[in-house]
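Asker: Here it is, the structure, as structure tokens.
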């Protein structure tokens, strides 16, 4: 076996079908990191002419020519092959040391526990706890089974995943809860359109995220970030920005037609009562019609108020999706506060779930959640409504490659932070 540095074309050819392949271990994601000052190193273990293990390492200079190294989402190999993992890890650490690396961290795209949608361990579910001990034996420190987002690598350890490969659309809908199905149906009518954005239109998506971030208190990214993502991932169809947009005149016309139908039904019921006398069943039908008409009138007034503020075309909700390998990932999304009652985000999720299933993807990944299952922020309950399960990933491992220089870097970093604090 030979450990070698390979070009990005060779790497991407292997990575696209490798064990535990994921979009973070792709040339596109490496180019994104490069735009922020990181350097990429594609390395592989080759047996004769066949690559049997590889990863994309990224490094960032922090102390002279010395650098921190990461393998975001880990190695691309069969982690069950202990000998292969040991050999590849040894070669990677040696490579990092030879390239003035002082610290290495990675968070393998490997599940440690497979859980049901409520967080309980699944009977006979996947379990890779033994892999933690193996990494520790190889000299890594495990940063623990945290329940929050990893601040260093930034990718979540907990994910909410919906398997889709073995289900029809009807079965997927049936497995959702009633609220989710009803919310999807709410925007599956005339006037509500699914729109895919071009790069020139990404400002619409960015505005939604900015407003959502202010409302929910999380940090937003710049428009340039979304444009860069589009440039890197769209050529091969690995990214989509979708909106749900309301055409107000079409929706009002739909409500008017529905009202006419209901008024005719109500008139017929009143005629029945006049001709045949009081009847409890007919009276119940009258009340049902009256309630429906009241609901339609309320919807009409609400959308007319929105029309006055926003015009005839109203963006309700938006989402950003990454498509790679076996999965589609819902990476980010949001809705405007004054249009939340339309529940358009449910429609967006369903449209992409159906798209993913019909294009051969095996799972729909709602991506990050915390390891808390109390639903205080509502994120988990929203995702639970679609069915699915929780995947707890194995976590972050790190090792100090050059203890002396890393210690000096930590001291310098601490001094810099103290100086910053003193200026406040």
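In our numbering, the protein residues as written are -5 to 418. Idealized CB from N, CA, C, for every residue including glycine.
1. Would residue 73 be called buried (16 or more neighbouring beta carbons within 10 Å of its own) or exposed?
2. Which two residues bound the contiguous alpha helix (DSSP H) that contains residue 69?
3. Helix, strand or coil, according to DSSP, for residue 145 in the structure here?
4. Helix, strand or coil for residue 241? Go by DSSP, reduced to three states.
5. Report the option in 42, 370, 98, 159 whose CA atom is closest to the CA atom of residue 55.
6. Please work out which residues of its chain come closer than 6 Å, Cβ to Cβ, to residue 206, disregarding the five sequence neighbours upstream and downstream, and give them in chain order.
7. With a threshold of 16 other CB atoms inside 10 Å of the CB of residue 112, please say whether the residue is buried or exposed.
8. If you drop the 5 nearest sequence neighbours on each side, which residues of the same chain put their C-beta closer than 6 Å to that of residue -5?
9. Pop quiz: residue 190 and residue 234 are said to be a contact at Cβ under 8 Å. What is the actual Cβ separation, rounded to whole angstroms?
10. In or out: residue 181 buried (at least 16 other Cβ within 10 Å) or exposed?
11. I need the DSSP call for residue 386, collapsed to helix, strand or coil.
12. Do you know offhand how far residue 342's Cα is from residue 380's?
13. Let me make sure I understand the geometry here. Which of 336, 226, 247 has the alpha-carbon closest to that of residue 239?
14. Residues in the same chain with beta-carbon distance under 7 Å from residue 248, minus the five sequence neighbours each way, listed in chain order, please.
15. Exposed or buried, what is residue 83 when buried is set at 16 or more other beta-carbons lying within 10 Å of its beta-carbon?
16. Residue 194 by DSSP, collapsed to three states: which one?
17. Here's the rule: buried if 16 or more other CB atoms are within 10 angstroms of the residue's CB, otherwise exposed. What is residue 395?
18. Name the two residues that bound the continuous alpha helix (DSSP H) containing residue 28.
19. From the DSSP secondary-structure annotation, give me the bridge partner or partners of residue 323.
20. Where do the ends of the alpha helix (DSSP H) carrying residue 285 lie?
21. Is residue 104 helix, strand or coil when you go by DSSP?
22. With DSSP as the reference, please indicate the residues paired to residue 35 in a beta bridge.
23. Out of 172, 222, 209, 177, which has the shortest C-alpha to C-alpha gap to residue 194?
24. Where do the ends of the beta strand (DSSP E) carrying residue 393 lie?
25. One question on the structure: do residue 31 and residue 60 come within less than 9 Å of each other, judged by their Cβ atoms?
26. Exposed or buried, what is residue 16 when buried is set at 16 or more other beta-carbons lying within 10 Å of its beta-carbon?
27. State the beta-bridge partners of residue 45 as determined by DSSP.
28. For residue 144 and residue 243, what's the separation of their Cα atoms in angstroms?
29. Is it a yes or a no for the region 148 to 159 touching the region 362 to 372, going by three-plus beta-carbon pairs under 8 Å?
30. Would you identify the three-state DSSP class for residue 378, choosing helix, strand or coil?
31. Among the candidates 3, 131, 46, 62, whose CA atom is the shortest distance from the CA of residue 397?
32. Using a Cβ-Cβ cut-off of 6 Å (strictly less than) and excluding sequence neighbours within five positions of residue 326, which residues of its own chain qualify?
33. Along the chain, where does the beta strand (DSSP E) containing residue 61 start, and where does it finish?
34. Looking at residue 126 and residue 85, is the spacing between their C-beta atoms short of 9 Å?
35. Can you give the beta carbon distance from residue 392 to residue 134, rounded, assuming they're within the 8 Å contact cut?
36. Can you tell me whether residue 209 is buried or exposed? The criterion is at least 16 other CB atoms within 10 Å of its CB, across all chains shown.
Answerer: Judging by the given coordinates:
1. buried
2. Residue 69 -> no alpha helix (DSSP H), and no H or E assigned at all.
3. Because residue 145 sits at a pLDDT of 46, beneath the cut-off of 50, its placement in the model cannot be relied upon, and the following sentence gives the value as read from the coordinates. Looking at residue 145 - three-state DSSP - the assignment turns out to be coil, as it is neither helix nor strand.
4. strand
5. 98
6. 328
7. exposed
8. 39, 41
9. 6 Å
10. buried
11. strand
12. 12 Å
13. 336
14. 183, 184, 185
15. buried
16. helix
17. buried
18. 21 to 28
19. 316, 359
20. 274 to 304
21. coil
22. 51
23. 222
24. 391 to 394
25. no
26. buried
27. 40
28. Below a pLDDT of 50, predicted positions are generally treated as unreliable, and residue 144, at 49, falls in that range; no measurement from the model is reported.
29. yes
30. helix
31. 62
32. 314
33. 60 to 65
34. no
35. 6 Å
36. exposed
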